[in-house]
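Enquirer: Right, I'll just put the structure down here and ask away after.
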Amino acid sequence: MTYDIYMDFILENYKNPKNYGKIEKPNATSRGLNPLCGDELEIFLIIDKNIIKDIKFTGKGCAISIASASILTEMVKGKDLDYVKNLKENDLLNALGIEISPARIKCALLSYKTLKEAISNIKN
Amino acid sequence: MTYDIYMDFILENYKNPKNYGKIEKPNATSRGLNPLCGDELEIFLIIDKNIIKDIKFTGKGCAISIASASILTEMVKGKDLDYVKNLKENDLLNALGIEISPARIKCALLSYKTLKEAISNIKN
Amino acid sequence: MIDVNKIRKDFPILERKFNGKRMIYLDSTATSQKPIQVIDAISDYYKNYNANVHRGIYGLSEEATDLYEKSRENVSNFINSKQAESIVFVRNTTEALNLLAYTLGKKLKDGDEIITTVMEHHSNIVPWQFLKEKGVKIKYIDINEDGTLKMDEFNNLITERTKIITVTHVSNVLGTINDIKHIGKIAHENGSYFIVDGAQSVPHMPVDVENIDCDFLAFSGHKMLGPMGIGVLYGKKEILDEMDPFMGGGEMINEVHLSGATWADVPLKFEAGTPNVEGAVGLSAAVNYLKNIGMENVREHEKYLVNYALKRIEEFNGITFYGPRDSEIRGGVIAFNFKNVKNEKIAKALMDEGIMIHPHDVASILDINAVMVRSGHHCAQPLMDRLGIPATSRASFYIYNDLDDIDEFINALDNVKKVLKL
Amino acid sequence: MIDVNKIRKDFPILERKFNGKRMIYLDSTATSQKPIQVIDAISDYYKNYNANVHRGIYGLSEEATDLYEKSRENVSNFINSKQAESIVFVRNTTEALNLLAYTLGKKLKDGDEIITTVMEHHSNIVPWQFLKEKGVKIKYIDINEDGTLKMDEFNNLITERTKIITVTHVSNVLGTINDIKHIGKIAHENGSYFIVDGAQSVPHMPVDVENIDCDFLAFSGHKMLGPMGIGVLYGKKEILDEMDPFMGGGEMINEVHLSGATWADVPLKFEAGTPNVEGAVGLSAAVNYLKNIGMENVREHEKYLVNYALKRIEEFNGITFYGPRDSEIRGGVIAFNFKNVKNEKIAKALMDEGIMIHPHDVASILDINAVMVRSGHHCAQPLMDRLGIPATSRASFYIYNDLDDIDEFINALDNVKKVLKL
Ligand SMILES: Cc1ncc(COP(=O)(O)O)c(C=O)c1O
Ligand SMILES: Cc1ncc(COP(=O)(O)O)c(C=O)c1O
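Protein chains in written order, with our numbering: chain A, 16 to 139; chain B, 16 to 139; chain C, 624 to 1045; chain D, 624 to 1045.
The structure is reproduced here in structure tokens:
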């Protein structure tokens, strides 16, 4: 274990997460839970003609899970749904740019799982 | 473990057990079971004025349990009930004259237990 | 073939002497001895990696978790299970079968039926008998004279109320290797769950859950060179997913609140409390040891030993053995009794059973020669009832036994008659 | 007093280095490390004495049986139980409590009540929640602000339908040492069974079942220097005698026939299947180790450590700990969180919880300094709900920890803020 997982890029996204907040009338949403530690994440989406027009999240969690939600939401904003569908776990992990130990992988992927869940049940 | 437990005295009592058989109208009887090996022993007594007038046993078992029943029934025949009540496990083990390993102690004491049980419920 | 001399060197206990004689261990069906590789894996675990698993963030706990989950994968591969999630770590075969009796049993109703056989170990009888309270009926398949199952009876006894068929793969007394693939087909055509007691097969022959197509398989680590206190329940994942948990506590939950709880995914759902990481690591080392030898070779070796032993026993005057003569359908276990001893001076007491020397005396006297066999009902009293005997002696073989051991065993049998002066 | 330097030499794992730093193990509440005496006892068992127990006639099996039963006596003496028969070997605390929930629970009826507390480990909640299905009601005693039980509530909540009161001796989060003797009196005056979860007391202080007068006590070997996979259920013999068995199988029967079965005497009635002899032998070695130190000394040592640690934490800027400040009623465990960090740039995400740094990050960063603490809900989610927090970090102490370890721990806490640039 080294200090590397708390490099500046992660800390910035943790302390001032992008896209943090709620969307009043989302047409896709999901709530994710990491039962091992009680982390919670809620993701809200506005999708229009297959395009992610807006995305926000709220929740509580460790630096890794919050930073990863911040980074993930930035990655997908403005993209079409196929992009999200094709997105692999590793794509997000690579974007984080840190090496995640097995114990923290659930933190890092909570946002990813929650987003996948959200786009699997889009309301019209 | 040595050959000693199968010394002649034991073998004789095993092959030609004393008091082997049934009593038609006993006024005390009990059936003992050694569940670990399926050994069974039944003891029959005729008790008159506190004296064991007659005692017999039947059953199937290993050399140790049969010999011990033979020896025990010899010990108590003609004695009064107080003698049996005061009889300790060690008295029988001493009478057998062999060193019994823990695994065989249940075999050696099956007759003892069964006799004690029998005299605890004497019919008139 | 197996190099027994080389293998023996791995088993420190086999160096022990009893009464000055080399120890001849013929009780592997009860529990196997352990190679140094397994003993060292346990020490190494405690000396270097011990921590509680799953919820630990620190590196040591990650290492322990990794060892635990890699052990699960290794066991999974060993029985050709497609997913490691199908492997639930339990204490032993007995707990695995109780887990099933409690969880599957909960769904059974008055009048539902379970089919098992008269040759089962108590562990595959008593847990199911608990269900009689709620009106569940248990039917027993009988055996033929040669100790094989009456296979026709399955079709006679099965009904639409038959929810479970549970059968031992190999009998721990008769040695019979049952045709479980065939029994599984009968079960599944009827829509019944099919459970295999693998306590005596997984240690001794290749077992492939995909090929057998069983829904569940239970086995014990301690019978396959692994430590005590660890066993396995294999289950098809889609069935495990639907089942209620057995025990409640740490590890097996998703969320707990005062109002109630939700469950973790399999296999953790069935692993309440701190798991036996040491046990899993030790079992994995045992699996590696067996893989190295090759389970085909283990099976061939035991066939070879049992063939030789049966031949020697047949030559021996006055011994009856139970179970099939054909080593193709027989594992490396021989239950036997002295019968027909040509001597008038025999204990009257045993005459009516047709047994001439009580198995306890046989075991005691063999032990004088450092030959260690088990004697008793072998936790298979219904089978003893069926055979009409109270008990047997039993010799069983494993990778560290060879023809010499069998010769010593036969010599010691001769000694039984001498000691008893028959 | 305890000579920690001498003790540490007995624990091989403590020689490990992480990131070049000496390992500071502060997670003994989850599982303890093992002294070489225990590791060697396990190896020695497999190298010299391994055999299946109870039914074996040969000498080796007698030796194994003897080791197993002597271990039972040793454990019995350790908790001042009057009879070895009161000691049932199980896998862990969780299994012991499930055994009780299944067997005592079977007799409970719609409307019967169980009283427990909000500070219990999931192992003492979930098994009882299973009984809700049949209409059993569970009532929870709340805690005061200082983390002690609201003792008055026992008298408020108890009714004639209260069949069981089950309480942890020491909380694995708050550290609170409950006045179980008093609770036991309340239970018995009401005719209720009284169960004590001793998972966090038996390893850390003298526990005397006669003095407590509990009906049952559950604890785990792995938390008291012993191996994983072995635990203990103590029960009053006359109660155990009357209880139905839990699991069915080998060892636990008297007779089995196709028609049904009868049970062995306690404790075997509750020990179905091949027991974990290794585990019992290892636990017995652990008991000897603890006896050698003296449980009074263990308790004094932990009091001393927890006092020092609480003082250092109080001096540290921005940390809250949970549970009593008074070390007289507190075990050697400290759950804590970073709060009120004086920095505006804190993650908004945690603000509403009043926690400033997530426990996961705390544990990860402490681990960089080789300081090993647990983070999460510690299998006590109802308590987390009650405290209004999702999780905590937790440091816990045992005989191999000293003031140095606590200093390292506090230094590492300082590092948390540095790494997160707070
Ligand atoms: C108070 C308490 N009870 C029960 C348990 C469960 O112990 P085990 O996981 O060994 O069954 C623990 C262990 O964390 C505990 O701290
Ligand atoms: C066929 C069979 N089933 C089940 C068992 C029970 O195994 P365990 O005692 O390890 O639970 C045995 C062990 O003797 C066995 O031979």
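Idealized CB from N, CA, C, for every residue including glycine.
Quick caveat, the model's predicted, so the values are computed rather than measured.
1. Spell out a yes or no on whether the segment 879–886 of chain D and the segment 737–747 of chain D are touching, meaning 3 or more CB-CB pairs, one atom from each, closer than 8 Å.
2. Sorry if obvious, but does the Cβ on D:Gln-823 come closer than 7 Å to a heavy atom of ligand 1?
3. Assuming the contact rule is C-beta atoms closer than 8 Å, D:Phe-893 and D:Leu-722 should be a hit. Round their C-beta distance to whole Å, please.
4. Taking B:Arg-119 as the query, report the chain C residues whose CB atoms sit under 8 Å from its CB, ordered along the chain.
5. Using 8 Å as the threshold, is the C-beta distance between C:Val-830 and C:Gly-821 below it?
6. I'd like the list of long-range same chain contacts for C:Glu-708, defined as Cβ closer than 7 Å, with 5 residues on each side in sequence excluded.
7. Give, in chain order, every residue of the segment 822–851 of chain C whose Cβ lies closer than 7 Å to some Cβ of chain D.
8. Distance, Cα to Cα, D:Lys-968 vs D:Leu-989?
9. Determine the closest residue to C:Met-875 out of D:Cys-1002, D:Leu-1006, D:Asp-735, D:Asp-626, with distance taken between C-alpha atoms.
10. Any beta-carbon of chain D closer than 8 Å to the one on B:Ser-83?
11. Taking the C-alpha atoms as reference points, what is the distance between C:Leu-1026 and C:Ser-950?
12. Should C:Lys-1040 be flagged as near chain B, meaning a C-beta pair shorter than 8 Å?
13. Residues of chain A with CB closer than 9 Å to the CB of C:Thr-688, please, in chain order.
14. Please classify C:Pro-868 as buried or exposed, where buried requires at least 16 neighbouring CB atoms within 10 angstroms.
15. 8 Å is my cut-off, CB to CB: does C:Glu-756 come that close to chain A?
16. Mark C:His-880 as exposed unless 16 or more other C-beta atoms lie within 10 angstroms of its C-beta, in which case mark it buried.
17. What's the C-alpha gap between A:Ile-81 and A:Pro-32?
18. Could you tell me whether the Cβ of D:Pro-1013 comes closer than 8 Å to any Cβ of chain A?
19. Let me make sure I understand the geometry here. Which of C:Asn-642, C:Lys-657, C:His-805 has the alpha-carbon closest to that of C:Gly-905?
20. With DSSP run on the structure shown, which of helix, strand or coil describes C:Arg-784?
21. Going by DSSP, what residue range makes up the alpha helix (DSSP H) through D:Leu-1036?
22. From the DSSP output, read off the bridge partner residues of B:Ile-66.
23. Pull the bridge partners of A:Gly-47 from the DSSP assignment, please.
24. How many Å lie between B:Leu-60 and B:Thr-44 at the Cα?
25. In its own chain, which residues sit with a C-beta less than 8 Å from the C-beta of D:Asn-642, not counting the 5 before and 5 after it?
26. Under the assumption that A:Lys-75 contacts D:Pro-635 (Cβ atoms under 8 Å), give the Cβ distance between them as a whole number of angstroms.
27. Distance, Cα to Cα, B:Tyr-21 vs C:Ala-1035?
28. Any beta carbon of chain D sitting closer than 8 Å to that of A:Tyr-127?
29. Grab the span of the alpha helix (DSSP H) containing C:Lys-629 for me, first residue to last.
30. Which partner residues of C:Gly-854 appear in the DSSP bridge assignment?
31. Please compile the residues from chain B whose C-beta is within a distance smaller than 8 Å of the C-beta of C:Leu-720.
32. Would you mind sorting B:Gly-47 into buried or exposed? The rule is 16 or more other CB atoms within 10 Å of its CB.
33. In the DSSP assignment, what residue or residues form a beta bridge with C:Trp-886?
34. Going along chain A, which residues have a C-beta under 8 Å from C:Gly-873?
35. Which full runs of the beta strand (DSSP E) of 3+ residues lie inside the segment 914–956 of chain C, going along the chain?
36. Going along chain C, which residues have a C-beta under 8 Å from D:Asp-650?
Expert: With the given structure in hand:
1. Counting Cβ pairs under 8 Å, fewer than three are found: no touch.
2. Yes, the beta carbon of D:Gln-823 sits closer than 7 Å to at least one heavy atom of ligand 1.
3. That pair is a contact at about 7 Å.
4. Under the 8 Å cutoff, chain C gives His-983, Ser-987.
5. Yes. Within cutoff.
6. These residues qualify, in order along the chain: Lys-860, Val-889, Pro-890.
7. Listed in sequence order: Ser-843, His-845, Pro-850, Met-851.
8. Note that D:Lys-968 scores a pLDDT of 42, beneath 50, so its modelled location is shaky and nothing firm can be said.
9. When only C-alpha atoms are compared, the closest one is D:Cys-1002.
10. No, its Cβ sits nowhere closer than 8 Å to a Cβ of chain D.
11. Those two C-alpha atoms are separated by around 16 Å.
12. So, not an interface residue.
13. Those within 9 Å of C:Thr-688 in chain A are Pro-117, Ala-118.
14. Sixteen is the threshold: when 16 or more other Cβ atoms of the shown chains lie within 10 Å of the Cβ of C:Pro-868, as they do, the residue is buried.
15. It does not: the Cβ of C:Glu-756 has no partner Cβ on chain A nearer than 8 Å.
16. Result: exposed.
17. Those two C-alpha atoms are separated by around 7 Å.
18. The beta-carbon of D:Pro-1013 is placed less than 8 Å from the nearest beta-carbon of chain A.
19. Between C:Gly-905 and the set C:Asn-642, C:Lys-657, C:His-805, the nearest pair of CA atoms involves C:Lys-657.
20. The answer is coil: DSSP assigns C:Arg-784 none of H, G, I, E or B.
21. For D:Leu-1036, the enclosing alpha helix (DSSP H) stretches over residues 1026–1042.
22. Bridge pairing for B:Ile-66: B:Asp-63, B:Asp-95 [DSSP].
23. A:Leu-56.
24. Using only the alpha carbons, I get a separation of about 6 Å.
25. Answer for D:Asn-642: Ile-991, Asn-992, Ala-993, listed in chain order.
26. With a Cβ gap of about 40 Å, A:Lys-75 and D:Pro-635 do not count as contacting.
27. As the crow flies, the alpha-carbon of B:Tyr-21 is around 15 Å from that of C:Ala-1035.
28. So no, A:Tyr-127 is outside the interface.
29. Counting along the chain, the alpha helix (DSSP H) containing C:Lys-629 begins and ends at 627–632.
30. According to DSSP, C:Gly-854 bridges with C:Val-713, C:Ser-843.
31. None at all; the shortest Cβ gap to chain B is about 21 Å.
32. That one is buried.
33. Per DSSP, C:Ile-876.
34. For C:Gly-873, no chain A residue has a C-beta closer than 8 Å to its own C-beta; the minimum C-beta separation is roughly 11 Å.
35. Within the segment 914–956 of chain C, the complete beta strand (DSSP E) segments at least 3 residues long are 942–944, listed from N- to C-terminus.
36. Per Cβ cutoff of 8 Å: Ala-674, Asn-675, Gly-679, Tyr-681, Ser-684.
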